[in-house]
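Step one of this worksheet: look at the structure below.
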Amino acid sequence: MSGNMNLTLKVWRQKNNKTRGKFVTYNANGISPDMSFLEMLDVVNEDLVRKGEDPIHFDHDCREGICGMCSLHINGRPHGPNQLTTTCQLHMRSFHDGQTIVIEPWRAAAFPVIKDLAVDRTAFDRIQQAGGYVNVNTGGVPDANSIPIPKAVSDEAFESATCIGCGACVAACKNSSAMLFVSAKVSQYALLPQGQTERYSRAQAMVNQMDAEGFGSCTNTGACEAECPVGIKLTNIARLNREYFTAKLFKEEEVH
Amino acid sequence: MNKSKPLLSSTLGKKLIMSLTGLFLCTFLIVHLIGNLQLFYNDQGKAFNDYAHFMTHFTPIKVVSYLLYTSIVIHAVYALVITIHNKKARPIGYAVYRGSANSAWNSRNMGLLGTVLLVFIVTHMSNFWWKYHNDAVPYIEYRTNLATHETTATELIAGEYTGYVKYVDNDFEILKAKDLYKQVQFAFQNWILVAFYVIAMGALSFHLIHGFKSAFQTLGWDHKKYAPIIRFIGIWLFGVVIPIGFAAMPLYFYFSN
């Protein structure tokens, strides 16, 4: 057990959305530095189950850093202290023995707490349903290079499509703004020919839904970009602004 | 896809207003600084007082100035509306929030910096604009010998003479104008006011280092070629040259007397 760490956790516990939550302190002893952050919580939970207590609820799924399910605001930052990392890919070697770790859920009116650290991120689903799709029948697999798209453009669209919808951008933003998420989703279609038909109505519909969900507005602090686990760029937000203002000011036929 | 709402009811539309009014106020700063550099002329305030009369009486400039006052009000009111909305978006805050790890302090405190600037604008306008327009700022007479370019200045007693005149009489140019220069000299004898002006210009610097580039991002004007130019202008012109230029004025008058 040499090299293992003993940690103090301050975890947000909240029964449900109707009740008030509070911090509860737990000791996590004998934690291997090779464990992921979620595995560390698993160890703590096993202990809680053995004692007959309610385990800490937190979101997780693939544990490979690609699903966007894990969240957690760790010591004041979404997904913890490392850049370009989801919580499942955050290892305990990023912390030191004896450290106190404060774990909170994403804080946003649009992301209500379900229980403890798990928050309801269906607001993102509703934004996606408002316009994040292509309505035309794309048919079967087309021949390679039958639709000419410059490499730089397809790369950019692919980078935007990398967004895993985890909500770290909202969690990091001082205004709980969802602009980075929405802009990535709008960009991935705006850049490609298949997305052109509904290009401008999409930008309007998704922004409309974003506002209806109660997210804040963008102050361009860049916190979202710095905390995004997959490196979605601020240029997407500028593109969303362009798409939206173009739709509103210059595309009369596209305004509903 | 859903029905869309009017532009200004959206968060993006409100930011567009912030961006456009903010950039307009930035252009004003350039003009205001260049004009006020005349305070540094060693001419007993002749050029500055003549300029002050022109700026307050030339109709196109008067129109722009009312547009300017409106922009200040709109910028402040929208900032308040947006801030209230943003606070509602996070009703329960974090116990630990390390904003410094992912963003610049000034970008997260534009409201605080803006509030300092609003207090400054009210102070500044009541000190000079209000007094110039309403109080009896005494007149001064300048007699310039057109051959030797020597100027003599005579203060006219308050209330005894009013009315701007500029004419040539027997190789002498006569200018009678409100002596705003003297009001500037007088106001900046107060070290508290001077300190406040310098602090406010510090706030202006931090506000614009973020605000200028942020305005272009909000407009969607983001381009590999132009973004570095915008950042450069934001930092060096609006973050350094303009605030230092303005802060130099109260300091100059305080230390030169």
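Line by line, the protein sequences are chains A and B.
Note that my numbering has the first sequence beginning at 52, numbered continuously upward.
Note that my numbering has the second sequence beginning at -16, numbered continuously upward.
Heads up, the beta-carbon is just placed ideally off N, CA and C, and yes, glycines get one too.
Since this is a predicted model, take the numbers as computed values, not measurements.
Asked: Alpha helix (DSSP H) segment containing A:Lys236, residue limits; Found: 230 to 241
Asked: For B:His40 and A:Glu155, the rounded distance between their alpha carbons; Found: 60 Å
Asked: Inter-residue CB distance, B:Thr134 and B:Asp26 (contact presumed, cutoff 8 Å); Found: 6 Å
Asked: Proximal chain B residues relative to A:Thr44, where beta-carbon distance stays under 7 Å; Found: Missing from the structure shown is residue 44 of chain A; chain A here goes from 52 to 307 and no further.
Asked: Close Cβ partners of B:Phe111 (< 8 Å) along its chain, the five nearest in sequence each way excluded; Found: Leu163, Gln166, Val167, Ala170
Asked: Beta carbon of A:Pro106 nearer than 8 Å to that of A:Asn96; Found: yes
Asked: Delimiting residues of the alpha helix (DSSP H) encompassing B:Tyr235; Found: 225 to 238
Asked: Min CB distance B:Gln200 to chain A below 8 Å; Found: yes
Asked: Rounded separation between B:Tyr24 and B:Ala30 - CA only; Found: 8 Å
Asked: Span separating the alpha-carbon of A:Val185 from that of B:Leu16; Found: 52 Å
Asked: Selection from B:Arg81, B:Asp154, B:Met93, B:Tyr49 that minimises the alpha carbon distance to B:Tyr61; Found: B:Met93
Asked: Identified DSSP bridge partners for A:Pro129; Found: A:His124
Asked: Short CB-CB distance (under 8 Å) between A:Cys217 and chain B; Found: no
Asked: Where the beta strand (DSSP E) containing B:Arg73 begins and where it ends; Found: That residue, B:Arg73, is in no beta strand (DSSP E); it is neither H nor E in DSSP.
Asked: Span separating the alpha-carbon of A:Ala212 from that of A:Gly116; Found: 15 Å
Asked: Under the three-state DSSP convention, the category A:Thr297 falls into; Found: helix
Asked: Cross-strand partners of A:Ser87 (DSSP beta bridge); Found: A:His142
Asked: Rounded separation between A:Ser238 and B:Ile182 - CA only; Found: 42 Å
Asked: Alpha carbon of B:Glu156 to alpha carbon of B:Tyr147, nearest angstrom; Found: 13 Å
Asked: Within-8 Å CB hit, B:Val99 to chain A; Found: no
Asked: The region 226 to 242 of chain A contacting the region 201 to 216 of chain A, beta-carbon criterion three pairs below 8 Å; Found: yes
Asked: C-beta contact flag for B:Ile216 and B:Phe229 at 8 Å; Found: no
Asked: Residues of the region 139 to 155 of chain A whose Cβ lies closer than 8 Å to any Cβ of chain B, in chain order; Found: Val153, Glu155
Asked: Selection from A:Lys66, A:Val75, A:His147 that minimises the alpha carbon distance to A:Leu58; Found: A:His147
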